[in-house]
Every structure is written in C-alpha cells, then in structure tokens.
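The block underneath contains the structure these notes are about, expressed in structure tokens.
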Amino acid sequence: MKKLLLSFILLISPLAHGDNLLDVLDGKADSDGLAVVKKESLLNALIPYPTAEQNIFLGFMNEQKFDKALFQWPSAFSGTSFANSANGRALYGYLLYKNGLEVVGVETLFEAKPTQVNKRLMRLWQGLMQENEDLWTYTNVQWNSQWTDVFGVAAEVTILSRRFDKNLPAAQWEALLRKTTKGTWERNWSEWQYVTSLISEGEDVKAAKLLKHLQTVTENNPVSQNLMNLTAARLLYQNGFLNDAIKYYGKVEKKSDYWFEAQEEIGWSYIRLGQPQNTLAISQTLLAKDFTADVGPETFYLTSLAQLKTCDYTELSKLLKEFRNRFQSKAQRMLLMQKTPESQATRKLFSLLKESRTQMPALGAYGSEVPRYSTRDESLFYLVQREKKLAHEADVARKLYSSSLSGGTAQVGFQAKMEKFKKAIESRARVSYTAALGRMQELAKQEVQEIGDILKKMQIVEAELIQQLAMAERVIEDTQGKTASVKKGSTGSQAKDTVQFPFEGEVWFDELSNYRVDIAKGCQSGKEKKL
0 MKKLLLSFIL
10 LISPLAHGDN
20 LLDVLDGKAD
30 SDGLAVVKKE
40 SLLNALIPYP
50 TAEQNIFLGF
60 MNEQKFDKAL
70 FQWPSAFSGT
80 SFANSANGRA
90 LYGYLLYKNG
100 LEVVGVETLF
110 EAKPTQVNKR
120 LMRLWQGLMQ
130 ENEDLWTYTN
140 VQWNSQWTDV
150 FGVAAEVTIL
160 SRRFDKNLPA
170 AQWEALLRKT
180 TKGTWERNWS
190 EWQYVTSLIS
200 EGEDVKAAKL
210 LKHLQTVTEN
220 NPVSQNLMNL
230 TAARLLYQNG
240 FLNDAIKYYG
250 KVEKKSDYWF
260 EAQEEIGWSY
270 IRLGQPQNTL
280 AISQTLLAKD
290 FTADVGPETF
300 YLTSLAQLKT
310 CDYTELSKLL
320 KEFRNRFQSK
330 AQRMLLMQKT
340 PESQATRKLF
350 SLLKESRTQM
360 PALGAYGSEV
370 PRYSTRDESL
380 FYLVQREKKL
390 AHEADVARKL
400 YSSSLSGGTA
410 QVGFQAKMEK
420 FKKAIESRAR
430 VSYTAALGRM
440 QELAKQEVQE
450 IGDILKKMQI
460 VEAELIQQLA
470 MAERVIEDTQ
480 GKTASVKKGS
490 TGSQAKDTVQ
500 FPFEGEVWFD
510 ELSNYRVDIA
520 KGCQSGKEKK
530 L
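If you read the sequence shown in numbering that gives the first Met the number 0, its first letter stands for residue 0, the second for the next number, and so on.
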C-alpha cells in the first residue's frame, strides 16, 4: 500500500531533479492538480540541491537580510566544494560587499576565474561597480583581459596604473590606449602613462608629440599642466634646447609641488649655458631656510659650482658649512626613520593623506622630519588611502561581530568562526598600514642615498676650492692691469619700471625667483670696465 501511495504521488506531482521544495509547495496548481514551479532564481541556479542550512541562508538572501546571510554562511557552506568554486567566491564576495565590506568583497571576487562565474551573478557585480567606480582605486587585485571584458577599460587602466612595483612597457600602454575612447579619463591617463614610458625608453620625439597633444586636453585630464610643463622642459633640456627648456620651466606655477624642482633645473640650464650669475640668482631663493623641507642637497651642489666658476670663495665656504649643518641632521632623521618609521611626523602626514593629496607646507614643523617627496609619492598615497578604506571596513567587521552575538546561528563553534572572520578583516588593514610605513622607510633610504652621493661631490668641490685658493696669486698676476669683464644677470623682472634693492636676508613671496645677480670681476683682478 505504501509503495502504491508513493508511486501515485510521484505520478501526479513529478519533482524534477533540483526543484526547490518551497517553490513546489508555494506554486499554483493547475486543473490537473500539477504544481507550477516558479521560474528558477539565480540562487537556485547556483545551489540547485540545498541542504537545510543552505535553505536558511537562501531565505535570508531572498529577504535581503544580508547580515544574517553572512552569519549563516559558515554553517551553510563551510567545507563544501561550492565555497571554493568560482561561483562560491563570487557569491561570498557579493555578500561581503552588501554588508559594507566593499574592498574585501571585490578582492574575494577576484579569487575566481571570471569565465567560470555565472553570467547573471557577474551582471550583479557589474551593476555594483558601475555605481562605485572609485573602489578600483583601493583594490589590490591581479588583472587580466578576461576581467576587462567584464568591467571595462576604465577599470583596467586604474588597476594597471597602480602597479608601482614595475613600469609597464610603452607597447603595452599603446595597446591599452587604442582600446580607450577619446575624451575619457582612461584615454588621457593612458596617454600620459604612454608618454612617460616612451621617455624612459628613449623615444623622445614620439613622446613630445603625444605630450603636446595632451597639453591641449582640458576635459577629463588627470595630469596637471604644471607636471606636463615640467616634463616638456626636461625633454628639451636633455636634448640640448636649453633656452627653450628655461621657458617651459618658467611655466610651472609657484603654488605647484614641482616649482622647486623646476627652479633648480633652470639653474642647471644656466650653468650649461655658461651663465653662473643667473644660477646664483635662482639659488638665492632656493637656499632660503624657509624652504628647508622642500629643497634637496643637489641645489647646494649646483650653487657651489656657480660659486666656483665666479671665484666667490667666501660665499662658497659658507655654503659648504651650511650644507654640513643642514644635511647631517636630515640624514640622521632619515636613518632613524629607516629603523623606526612610526613617528608623530609620519602620523601627521598620514592623517593629511587620508583626507586628500597634500603639500609640504601643510606639515608645518614636521616637514623636515619626513622624506622630501613623501607628500606627492603616488605609491604612499595609494597605500594610505587603502589603509583608510580597510580600517573603515575593519570597524564594520567589528560591528558585524557584535551583532552576530545575538543574531547568529546556534551552531556550535559559530562565534569562533565569526571571531576569525573579524580578525582577518582587521589583518588586511594592518597589512596596508605596515606597507605604508615600509614605503616611508624606502623613501627615507633613497634620501639618505641622495645625501651621500651629493656629499661626495661636495667634497670634490671643497678640494677644488683649496686648489683654487692656492693658485689665487697666479690668477691675480695674470689678470693684473687688464679690464675686467662684467657678467650681467638676465633673471628677475625685465620690466622698465622695476624697482631694484639689495638682498638683506628676509624672504618675501613676491621676490621669489625674481633675483638678479651681476658679477663685476669674478675670477679677475683688473678694473671693472665702465658701461
């Protein structure tokens, strides 16, 4: 009788393999008494034969109770093949994202192979990322062309441009550039990366043509005009077009982070043009103590060469002493940072970078205690921004953990699993913070190396000073009675109504880069020629 009843039930209501029991019982009956099964949902497609615990999970998902679904995940899928499958990682990542763990969610998705993820599930991800494109800025994932097919070229450009550990070849940037759309952010950023790659590979003419075009782009251009002008000036300088280089260097605005570098490189241009008096005029601004945090040791070396060429031995002796005083203490601070990167100055810098990009003056007195380029180091900015995002997600994880104490499953060992989950999220934030400190150590190491390299050159300058002083009597004898030539400076304001007054040591903003130096005798002892 039981066998007959069972056969009858199967006959009138056949359950296809994989039919959901709740769908069958909730379905409408037709005139023949057969159940009409609901259209298969995405979750049914992913989990066709759910267990009891998985049915609880599916119920929470259908009700969009994502926090409870997250609590249920270990009970439903721990130790299953689905949890480690492409669909499992994509679904779990989606669940994390919906609980406010966005970076962790995206990085969990990238543990899967995109071609193996259910297309309907992937479309959900596409919708999420279209609404939150900035999230690509914080993620640390391995990209390939299959992900470009899913999320587009803009995401690919963002990810690839943040591979700070290696420079992509120009050919790869060219291929990426061809996939972008004119007028978009990704097109302009790819073009800039292409320019810098071409320069590093010695393709200066090709780089200059692209750079000239990029300078005309005003919409969706992520590269500042100041940086592009500096780059153009450097291209001209390294190809020997010194006067033209000076013009482009002069276009870099005083408010820019790149202004001090531009001024220093103007000074080098004048040295190569045989105009040391103009180099001295430029360095008059750069050597002011007000700019100690912004100016590196090479400016001192540049100035020392100009002073040697003009036989300004008194000022050169003062410069050598100032170099030792300033950079001995800076080297000691950078060596300390290499050993102990966490400091008040570092914390101040990180707090500024978490808000937005910053400049050295914002650090105040801490400016001289951090590496010179730390305020505009792209790698450091990325790491600090990522740590900020992950620290926020760690707070979310802690709140989820607290919520799970009352709202989670009754399964034995559940709290231990949630504790492990919380610690894993917190660990990601700590790793990113540690990486940011590591970047500070690397920048400090680079600055110590720079100081050491310039110190060796300054020692050669000092030796040359001693030698020239020893030969001073011969110079006097050779030039005695001859008419001294005058080197007129060409820097500063060229206006006819310019008011001129001697430098008295105080720095005024309007005076910056507006000094002029005239050399009457230089390395000669003869009388100055009357003009």
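Ideal placement from N, C-alpha and C gives every residue a C-beta, glycine not left out. Computed from a prediction, not measured in an experiment: that's the story for all the values here.
Requested in this report: Could you work out which residue in Val105, Arg161, Thr195 and Tyr248 is closest to Ala170 when comparing CA atoms only?
Outcome: Measuring from the Cα of Ala170, the nearest candidate turns out to be Thr195.
Query raised in the report: Would the beta-carbon of Thr302 fall within 8 Å of that of Ser367?
Result: No; because the gap between Cβ atoms is not below 8 Å, this pair is not in contact.
Query raised in the report: Exposed or buried, Lys422, counting other C-beta atoms within 10 Å across all chains shown (16 or more means buried)?
Result: Exposed: under 16 other Cβ atoms inside 10 Å.
Query raised in the report: In this structure, does DSSP put Lys320 in helix, strand or coil?
Result: In this structure, Lys320 counts as helix in the three-state DSSP scheme.
Requested in this report: Could you please give the first and the last residue of the uninterrupted alpha helix (DSSP H) stretch that includes Tyr236?
Outcome: Membership of Tyr236 in the alpha helix (DSSP H) is indicated by the continuous run Gln224 to Gln237.
Query raised in the report: If you run the structure through DSSP and keep just helix, strand and coil, what is Asp376?
Result: It is coil, neither helix nor strand.
Requested in this report: Please work out which residues of its chain come closer than 6 Å, Cβ to Cβ, to Gln214, disregarding the five sequence neighbours upstream and downstream, and give them in chain order.
Outcome: Same-chain partners within the cutoff: Met227.
**Report entry** Cβ-Cβ separation, Ile270 to Ala305 (assumed contact under 8 Å), whole Å
**Finding:** 6 Å between Cβ atoms; contact.
Query - Element boundaries [alpha helix (DSSP H), containing Glu130] - result: Looking at the DSSP string, the run of the alpha helix (DSSP H) that includes Glu130 is Lys118 to Glu130.
Requested in this report: Please confirm whether Ser144 and Gln192 have their CB atoms less than 8 Å apart.
Outcome: Judged by their CB atoms, Ser144 and Gln192 are not nearer to each other than the 8 Å cut-off.
Query raised in the report: What are the start and end residues of the alpha helix (DSSP H) that includes Ser199?
Result: Residues Trp184 to Ser199.
Requested in this report: Answer with buried or exposed for Leu468, where buried requires no fewer than 16 other C-beta atoms within 10 angstroms of its C-beta.
Outcome: Sixteen is the threshold: since fewer than 16 other Cβ atoms of the shown chains lie within 10 Å of the Cβ of Leu468, the residue is exposed.
Query raised in the report: By Cβ distance below 7 Å, which residues in the same chain neighbour Ile424 in space, the five residues on each side in sequence not counted?
Result: The answer, listed in chain order, is Leu100, Val103, Glu392, Ala393 and Ala396.
Requested in this report: May I ask you to verify whether the segment 251-258 touches the segment 272-284, counting CB pairs closer than 8 Å and requiring at least 3?
Outcome: Contact between the segment 251-258 and the segment 272-284 is absent, because fewer than three Cβ pairs lie under 8 Å.
Query raised in the report: Thinking C-alpha only, which one of Gly239, Asn238 and Ala232 is nearest Ile245?
Result: The residue with the shortest Cα to Cα distance from Ile245 is Ala232.
Query raised in the report: Sorted by chain position, which residues of the same chain lie with C-beta nearer than 8 Å to Phe59's C-beta, five sequence neighbours on each side aside?
Result: Answer for Phe59: Phe65, Lys67, Ala68 and Gln71, listed in chain order.
Query - Three CB pairs or more closer than 8 Å across the segment 350-361 and the segment 326-339 - result: Contact between the segment 350-361 and the segment 326-339 is absent, because fewer than three Cβ pairs lie under 8 Å.
Query raised in the report: Are the segment 376-392 and the segment 449-468 touching, with three or more C-beta to C-beta distances below 8 Å?
Result: Contact between the segment 376-392 and the segment 449-468 is not established, with fewer than three Cβ pairs separated by less than 8 Å.
Query raised in the report: Are there three or more Cβ pairs, one per stretch, closer than 8 Å when the segment 73-91 is compared with the segment 105-114?
Result: The way I'd put it, the segment 73-91 does touch the segment 105-114; three or more beta-carbon pairs between them come closer than 8 Å.
**Report entry** Presumed contact (8 Å Cβ cut-off) between Glu106 and Thr147, rounded CB distance
**Finding:** Under the criterion of beta carbons closer than 8 Å, Glu106 and Thr147 do not qualify as touching, at roughly 17 Å.
Requested in this report: Would you mind sorting Pro47 into buried or exposed? The rule is 16 or more other CB atoms within 10 Å of its CB.
Outcome: So Pro47 ends up on the exposed side.
Report task. Kindly indicate which residue of Tyr432, Ser74 and Leu235 has the alpha-carbon position closest to the one of Leu348. Result -> Nearest Cα to Leu348 within the set Tyr432, Ser74 and Leu235: Tyr432.
Requested in this report: Report yes if the C-beta distance between Leu229 and Ala206 is below 8 Å; otherwise report no.
Outcome: Cβ distance not < 8 Å, so Leu229 and Ala206 don't count as in contact.
**Report entry** Where the alpha helix (DSSP H) through Pro275 begins and ends
**Finding:** Judged by DSSP secondary structure, Pro275 falls within the alpha helix (DSSP H) whose first and last residues are Pro275 to Leu285.
Report task. Return the residue from the list Pro370, Gln129, Trp184 and Asp203 that minimises the CA-CA distance to Glu218. Result -> For the residues Pro370, Gln129, Trp184 and Asp203, the minimum Cα distance to Glu218 belongs to Trp184.
**Report entry** Where the alpha helix (DSSP H) through Asn242 begins and ends
**Finding:** Boundaries of the alpha helix (DSSP H) around Asn242: Leu241 to Tyr248.
Query raised in the report: Would the beta-carbon of Leu175 fall within 8 Å of that of Val156?
Result: A Cβ-Cβ contact shorter than 8 Å links Leu175 with Val156.
Report task. Go ahead and pull the three-state DSSP assignment for Asp203. Result -> Here Asp203 sits in helix by DSSP.
Query raised in the report: Can you tell me whether Asp289 is buried or exposed, with buried defined as 16 or more other CB within 10 angstroms of its CB?
Result: With fewer than 16 other Cβ atoms within 10 Å, it is exposed.
Query raised in the report: CA-CA distance, Glu190 and Glu263?
Result: Each residue's alpha carbon lies about 27 Å from the other.
Query raised in the report: Cβ of Ser373 within 8 Å of Cβ of Met439?
Result: The beta carbons of Ser373 and Met439 sit closer together than 8 Å.
Report task. Quick one: grab the DSSP three-state call for Ile46. Result -> It is coil, neither helix nor strand.
Query - Residue span of the alpha helix (DSSP H) that contains Asn83, given as start and end - result: In the DSSP assignment, Asn83 falls within the alpha helix (DSSP H) that extends over Ser80 to Asn83.
Query raised in the report: Looking at C-alpha atoms only, which residue of Val149, Pro296, Val294 and Asn242 is the closest neighbour of Gln274?
Result: Closest by alpha carbon: Asn242.
Query - Where Gly182 falls, given that 16 or more other Cβ within 10 Å makes a residue buried - result: By the Cβ neighbour-count rule, Gly182 is exposed, with fewer than 16 other Cβ atoms within 10 Å of its own.
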